[in-house]
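In the numbering used here, the protein residues as written are 89 to 499. Cβ atoms here follow ideal geometry from the backbone N, Cα and C, with glycine treated the same way.
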Amino acid sequence: MLYRRITVILLVLFTLLSGCSKKAKSEMKTPQKSKEVLSVQTGEKTEQQDGEKDNPVSYESESESIVPENDAAEAEENAPENGKVETEEDTPENNVIETEGKKNGDGNEKNNIIELIPMAQLPELNMDSQTPYTIDDIISVGTSMLTPVYHDTFRYQIREFTKNPARLVIDIGNTGDETLVITDENMQFSILDSEGNDVAGSKVQDAPVSIAPGEIKRVVVTAQNPDAGLVFLELEGLSYSLGHPIFFAVLDDATDVADTTPYYKYGYILEDENGAPFIIAQHFRQVIGNGKLKAMASNLIVVENDRIGPLEKGDGFLALVKVKIANTSNEVMTIERLFTRSGGAALDFTEEDMAVLGDKGLPFTIEPFSIVEGWIPFRVMDGRDGYGIVFYTNLGGFVLGHLQTYPIYPD
Numbered sequence: 089m090l091y092r093r094i095t096v097i098l099l100v101l102f103t104l105l106s107g108c109s110k111k112a113k114s115e116m117k118t119p120q121k122s123k124e125v126l127s128v129q130t131g132e133k134t135e136q137q138d139g140e141k142d143n144p145v146s147y148e149s150e151s152e153s154i155v156p157e158n159d160a161a162e163a164e165e166n167a168p169e170n171g172k173v174e175t176e177e178d179t180p181e182n183n184v185i186e187t188e189g190k191k192n193g194d195g196n197e198k199n200n201i202i203e204l205i206p207m208a209q210l211p212e213l214n215m216d217s218q219t220p221y222t223i224d225d226i227i228s229v230g231t232s233m234l235t236p237v238y239h240d241t242f243r244y245q246i247r248e249f250t251k252n253p254a255r256l257v258i259d260i261g262n263t264g265d266e267t268l269v270i271t272d273e274n275m276q277f278s279i280l281d282s283e284g285n286d287v288a289g290s291k292v293q294d295a296p297v298s299i300a301p302g303e304i305k306r307v308v309v310t311a312q313n314p315d316a317g318l319v320f321l322e323l324e325g326l327s328y329s330l331g332h333p334i335f336f337a338v339l340d341d342a343t344d345v346a347d348t349t350p351y352y353k354y355g356y357i358l359e360d361e362n363g364a365p366f367i368i369a370q371h372f373r374q375v376i377g378n379g380k381l382k383a384m385a386s387n388l389i390v391v392e393n394d395r396i397g398p399l400e401k402g403d404g405f406l407a408l409v410k411v412k413i414a415n416t417s418n419e420v421m422t423i424e425r426l427f428t429r430s431g432g433a434a435l436d437f438t439e440e441d442m443a444v445l446g447d448k449g450l451p452f453t454i455e456p457f458s459i460v461e462g463w464i465p466f467r468v469m470d471g472r473d474g475y476g477i478v479f480y481t482n483l484g485g486f487v488l489g490h491l492q493t494y495p496i497y498p499d
């Protein structure tokens, strides 16, 4: 299972890499460099150049990241003339902007600050026809918090997943022909003590919960142990786990970007085709650093806005992630490129684009030994798409990946 997980993650990574430009042929390397890599086009293994050490590759998370080819000419070639990203789902009636000032005649913001309109909750789960997830989709995506997950005979949307108290609130829809029955046996929290005993004290509220064909019901699972953060789901012949979406810090892991002390930790490293390393955050609220900078995704909100700068919601909705960055060096730090990929949209979000968020936007210049924070928008649609933000800076690159696994976490 571990080998399959690694293979799926590699394939997803290379799909994202190749999708960022027509000529992308980037290779992925980890801190322990593997002698074999997957071919971008075929997924077949090829040998590395001589001199690479033959060390095992270790993954501790079901997460992916994206590092596009840094090709300005090609980006210009692929960019629409009006600077916005459009997909098949985008329609003229969606191109509405809520601002604090007046709108221009063409409907685009100019010298205006967008007023963010908070969404009361995620969209309701529906029973519309959908393509089921494969087990490889589940492995590569992880625990999807912002988007529904679809299977042949059921689907679900996580509404709440917390620790202290341990609680999972999940809407489940029955798309099969027989009644689904949810019990303590097929959906349960789990946490082991030092002797390997399960001490979660899991309970499905009002169990058994029966869900008739065509019906959607909300199921609540709790645990007596407040630290329980893993839920096993065994339903309709499928068996996998749902993991708590917030990074679990251990030992000397940082839990916040609160100072400018140098920090050197990350999930793993990707290198672009020029050999530039990008450190990867695999989880929400995971602090990563390369000794010169440290960063984390600290908060997330979903909004009703139809558009933020060049990014339109299409048939989905928009969300924003707050990023905290500390410049731990004595050099001025500059974000040279901020590339976002999510919900079928892939674009560079420029400093000018960021201006529509006013003082809520992320600054692109960070003075030595200082901390900044700000929001970055992304689009939410199909959870199987690659979701990530790539930061190119003069102090090194970093990536926040798998944004669809981040929970709503307001300021």
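**Request:** To the nearest angstrom, report how far apart ILE477 and ARG395 are at their CA atoms.
**Result:** 18 Å
**Asked** Apart from the five residues on each side of it in sequence, which residues of its chain come closer than 6 Å, Cβ to Cβ, to THR422?
**Response** THR453, ASN482
**Prompt:** Within this structure, are the beta carbons of LEU321 and TYR494 separated by less than 8 Å?
**Reply:** no
**Under 8 Å between C-beta atoms of THR310 and ALA254** = yes
**Item:** Cα-Cα separation between ASP142 and MET275, rounded to whole angstroms
**Value:** Because ASP142 carries a pLDDT of 36, less than 50, the predicted location of this residue cannot be relied on, and no value is offered for it.
**Prompt:** Of all the options MET215, ALA383, ILE226, LEU256, which has the alpha carbon lying nearest to the alpha carbon of GLU318?
**Reply:** Per the sequence presented here, residue 318 reads as Leu, with Glu not at that position. With distances taken between Cα atoms, LEU318 lies closest to LEU256.
**Rounded distance between the beta-carbons of THR267 and ILE304, thought under 8 Å** = With 8 Å as the limit, ILE304 and THR267 do not qualify as a contact, their Cβ atoms being about 13 Å apart.
**Request:** Please state whether DSSP places GLY46 in a helix, a strand or coil.
**Result:** Given a span of 89 to 499 for the chain in the structure shown, any question on residue 46 remains unanswerable.
**Proximity below 8 Å, CB of GLY431 to CB of MET442** = no
**Three-state class that DSSP yields for THR493 in the structure shown** = helix
**Message:** Only counting the same chain, and skipping five residues up and downstream in sequence, which positions put a Cβ closer than 6 Å to that of ASP225?
**Reply:** ARG472
**Limits of the unbroken alpha helix (DSSP H) element including ASP225** = 223-229
**Message:** Here's the rule I'm using: 16 or more other beta-carbon atoms within 10 Å means buried, otherwise exposed. How should SER217 be labelled?
**Reply:** exposed
**Prompt:** Who are the Cβ neighbours of LEU326 in its own chain at under 7 Å, not counting the five residues just before and after it?
**Reply:** HIS239
**Request:** Between the Cα of TYR75 and those of ALA364, MET384, ILE334, HIS332, spot the shortest distance and give me the residue it belongs to.
**Result:** No statement about residue 75 is possible, as the shown extent of the chain runs from 89 to 499 and does not include it.
**Message:** Between VAL390 and MET207, how many whole angstroms is the CB-CB distance? I'm expecting something under 8 Å.
**Reply:** 4 Å
**Prompt:** Helix or strand or just coil, what does DSSP make of ALA443?
**Reply:** helix
**Asked** Among ARG306, LYS382, GLY302, which one has its Cα closest to the Cα of GLN245?
**Response** ARG306
**Request:** Output yes or no for whether 8 Å exceeds the beta carbon distance between LEU213 and ASP259.
**Result:** yes
**LYS251 - DSSP class collapsed to helix/strand/coil** = coil
**Message:** If you reduce the DSSP assignment to three classes, tell me which class LYS353 lands in.
**Reply:** strand
**Sequence-distant residues of its chain with Cβ nearer than 6 Å to ASP265 (five each side left out)** = PRO301
**Asked** Can you pull the DSSP bridge partners for GLY449?
**Response** TRP463
**Item:** Three-state secondary structure assigned by DSSP to MET469
**Value:** coil
**Prompt:** Can you tell me the Cα-Cα spacing of PHE479 and ASN262, whole angstroms?
**Reply:** 41 Å
**Request:** Go ahead and label ASP272 buried or exposed: buried means 16 or more other beta carbons lie within 10 angstroms of its beta carbon, across all protein chains shown.
**Result:** exposed
**Cβ pair VAL487, ALA414 closer than 8 Å** = no
**Message:** So, for ASP500: in the same chain, excluding its five sequence neighbours on each side, which residues have a beta-carbon less than 6 Å away from its beta-carbon?
**Reply:** It is not possible to answer for residue 500, since the shown part of the chain is limited to 89 through 499.
**Message:** Quick check on TYR352: buried or exposed, where buried means 16 or more other Cβ atoms within 10 Å of its Cβ?
**Reply:** exposed
**Sequence ranges, beta strand (DSSP E) only - wholly within the segment 336-398, length at least 3** = 356-359, 365-369, 376-378, 381-391
**Prompt:** What's the C-alpha gap between TYR356 and THR343?
**Reply:** 18 Å
**Asked** In its own chain, which residues sit with a C-beta less than 6 Å from the C-beta of PRO350, not counting the 5 before and 5 after it?
**Response** GLY379, THR416
**Message:** Between the alpha carbons of THR438 and LEU399, how many angstroms are there, rounded?
**Reply:** 11 Å
**Request:** Go through its chain and collect everything with a Cβ distance to GLY404's Cβ below 7 Å, but skip five positions before and after it.
**Result:** GLY431, ARG467, VAL468, MET469
**Request:** Take the Cβ of GLU418 as the centre, count every other Cβ of all protein chains shown within 10 Å, and call the residue buried at 16 or more, exposed below.
**Result:** It should be pointed out that residue 418 corresponds to Asn in this sequence rather than to Glu. Exposed, because fewer than 16 other Cβ atoms sit within 10 Å of the Cβ of ASN418.
**Request:** Along the beta strand (DSSP E) that carries LYS401, what are the first and last residues, could you check?
**Result:** Looking at the DSSP string, LYS401 is not in any beta strand (DSSP E), and its letter there is neither H nor E.
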